[in-house]
Amino acid sequence: MNRRFAALTAAVAAAALVSTACGGASGDTKDAASGAATAKSAADLGGLDKLVEAAKKEGTLNVIALPHDWANYGELLDAFKKKYGLKVTEANPEGSSQDEVNAVKQLKGQDRAPDVLDLGGAFALTAAQDGLLAPYKVATFGDIPDAQKDADGQWVNDYGGYISIGYDAKKVPNPPKSFADLKKPEYAGKIALNGDPTKAGAAFAGVYAAALGNGGSFADIKPGITYFGDLKKSGNFIPVQASAATVESGQTPITLDWDYLQAGYAKKLEGKVDWKVAVPADGVYSNFYCQAISKTAPHPAAARLWQEFLFSDEGQNLFLKGLSRPARLPKMETAGTADKASLAALPQVPGDTKFPTNDQIDAAKKVVADEWAKAVG
């Protein structure tokens, strides 16, 4: 679950990738790739059946930073392999969004380079600005609100959730329900984020939520940085990467993380840890992760087929089963195609939800990059 851990060095990120052969591709595979690499929709290849045919010729999909217990990716990967018979090479499952971007740059031109990316919003925007992503519109592209996608499909919101407070009910008898509560001395040495906010989307979101709960706004994330600086000084905040393992060991009895991951902890650790989840009313922050295709993907047809699968009803319902909120959920609810049991299991959220603009996210990311180390270390 610690996939958004602080970015590894360039050498480690490259070494952590699963090795594959670097030999030349067959003529058929090269022909399939040449058309798929520039396809902006399945229609450009003659339809979904032709896309499937081209992907099967390539035979492989390279993914990166997709742990199986994150938003139900294990089941998603298994379902994709079973449905299309492709080999899936999984690299650096504990990597961060920044690790993914680094891998695209460092492994460009190699057969083991990532085909597809799953990025925090701020990192997707930067990757698009750097020209690393391929424009592609899945068949259900029209179901996704304009604010949740790049107009050309370079990145598209896929699944998301709310920043929440998770806690071990046995170790925290007086549970915190707000950012204000987390300042109490009784929580000394107990509070952790899911990674480093300069490199990890989940931790960045935690800082944004803290800003909203402490006088900040989407245009002003600095109060969130100050908040964690104060928590560090008081001894409440600990520099430990929160994960299911640290929750189970008791190292991080209170975590700030996405609600679907917190709910996943509770399910995974049932009978071992009495893990509870609450969305803080004083800092309601929601956002989505983004799907993207590398512009230099070694398997461009497989990359596009993976996107079609993730945004299909089947893929979206598998995200929902993992207790995240798929981007197409409103349309699927209207159409009656959303899984009702999974929908009923979603954590409850207080009040209305608003989202920052892309420009606000980009600006906030720069502020965190400049100020986090000075405030927190």
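If you count by mature numbering (1 follows the signal peptide of the UniProt record, and there is no 0), then the sequence shown holds residues -21 to -1, 1 to 356, one letter each, in order.
Just so it is clear, CB atoms sit at the ideal spot from N, CA and C, and this is done for glycine as well.
For residue j and residue i, the rounded distance between their alpha carbons
{"i": "Gly294", "j": "Asp122", "result": "14 Å"}
{"i": "Pro232", "j": "Leu56", "result": "31 Å"}
{"i": "Ala282", "j": "Leu40", "result": "6 Å"}
{"i": "Ser5", "j": "Lys29", "result": "Below a pLDDT of 50, predicted positions are generally treated as unreliable, and Ser5, at 44, falls in that range; the measurement from the model is reported next regardless. Roughly 18 Å between the two C-alpha positions."}
{"i": "Asp338", "j": "Ala126", "result": "12 Å"}
{"i": "Gln286", "j": "Glu54", "result": "15 Å"}
{"i": "Gly180", "j": "Ser222", "result": "14 Å"}
{"i": "Glu249", "j": "Lys255", "result": "11 Å"}
{"i": "Leu104", "j": "Ala314", "result": "31 Å"}
{"i": "Glu69", "j": "Gly139", "result": "22 Å"}
{"i": "Ala342", "j": "Glu32", "result": "42 Å"}
{"i": "Thr234", "j": "Asn173", "result": "8 Å"}
For residue i, three-class secondary structure by DSSP
{"i": "Asn41", "result": "strand"}
{"i": "Val186", "result": "helix"}
{"i": "Thr164", "result": "It is Pro, not Thr, that sits at residue 164 in the sequence shown. Note: Pro164 maps to helix in three-state DSSP."}
{"i": "Leu27", "result": "helix"}
{"i": "Phe267", "result": "strand"}
{"i": "Pro277", "result": "coil"}
{"i": "Tyr115", "result": "coil"}
{"i": "Glu350", "result": "helix"}
{"i": "Lys305", "result": "The identity of residue 305 in the sequence shown is Pro, whereas the question assumes Lys. Pro305: strand per DSSP, three-state reduction."}
{"i": "Thr68", "result": "strand"}
{"i": "residue 357", "result": "Nothing in the structure corresponds to residue 357, since the chain is present only between -21 and 356."}
{"i": "Ser157", "result": "coil"}
{"i": "Thr234", "result": "strand"}
{"i": "Ala171", "result": "strand"}
{"i": "Asn51", "result": "coil"}
{"i": "Ser228", "result": "helix"}
{"i": "Asn81", "result": "helix"}
{"i": "Asp338", "result": "helix"}
{"i": "Ile123", "result": "coil"}
{"i": "Ala198", "result": "coil"}
{"i": "residue 419", "result": "There is no way to answer for residue 419, as the model of the chain reaches only from -21 to 356."}
Option in the options with minimal Cα separation from residue i
{"i": "Ala190", "options": "Ala18, Ile340, Gly14", "result": "Ile340"}
{"i": "Gly100", "options": "Phe267, Gln89, Phe334, Leu302", "result": "Phe267"}
{"i": "Leu302", "options": "Glu312, Glu287, Asp292, Leu325", "result": "Leu325"}
{"i": "Thr225", "options": "Tyr239, Lys247, Leu98, Leu210", "result": "Lys247"}
{"i": "Asp23", "options": "Gly53, Gln220, Pro279", "result": "Pro279"}
{"i": "Pro164", "options": "Asn296, Glu54, Asn71, Ser213", "result": "Ser213"}
{"i": "Ala107", "options": "Val135, Leu86, Pro124", "result": "Val135"}
{"i": "Ser265", "options": "Gly250, Arg304, Ala16", "result": "Arg304"}
{"i": "Lys87", "options": "Ser273, Lys319, Gly315", "result": "Ser273"}
{"i": "Leu210", "options": "Ala58, Trp351, Lys19, Thr17", "result": "Trp351"}
{"i": "Lys61", "options": "Met311, Val355, Phe288", "result": "Phe288"}
{"i": "Asp261", "options": "Ser321, Gly195, Phe59, Ser291", "result": "Gly195"}
{"i": "Ser20", "options": "Lys319, Ala276, Asp236, Thr119", "result": "Thr119"}
{"i": "Gly38", "options": "Lys344, Phe334, Leu284, Asp129", "result": "Leu284"}
{"i": "Phe102", "options": "Val83, Ala92, Lys116", "result": "Val83"}
Contact belief for residue i with residue j at Cβ below 8 Å, rounded distance in angstroms
{"i": "Leu308", "j": "Leu297", "result": "That pair is no contact at about 13 Å."}
{"i": "Tyr141", "j": "Val219", "result": "Tyr141 to Val219, Cβ: 22 Å. No contact."}
{"i": "Asn215", "j": "Leu161", "result": "7 Å"}
{"i": "Val42", "j": "Val67", "result": "6 Å"}
{"i": "Asp133", "j": "Ala15", "result": "A small fix is needed here, since residue 133 is Gln in this sequence, not Asp. With 8 Å as the limit, Gln133 and Ala15 do not qualify as a contact, their Cβ atoms being about 16 Å apart."}
{"i": "Thr332", "j": "Val252", "result": "With 8 Å as the limit, Thr332 and Val252 do not qualify as a contact, their Cβ atoms being about 29 Å apart."}
{"i": "Tyr63", "j": "Lys36", "result": "That pair is no contact at about 12 Å."}
{"i": "Val346", "j": "Phe207", "result": "Contact flag wrong, Cβ pair sits at about 13 Å."}
Closer than 6 Å: residue i CB and nearest the ligand ADP heavy atom
{"i": "Tyr146", "result": "The ligand ADP is absent from the structure shown, which contains no ligand whatsoever."}
Flag this pair as touching only if the region 236 to 245 and the region 142 to 161 have three or more C-beta atom pairs under 8 Å; answer yes or no.
yes
Do the region 149 to 156 and the region 192 to 201 make contact, defined as three or more Cβ pairs closer than 8 Å?
no
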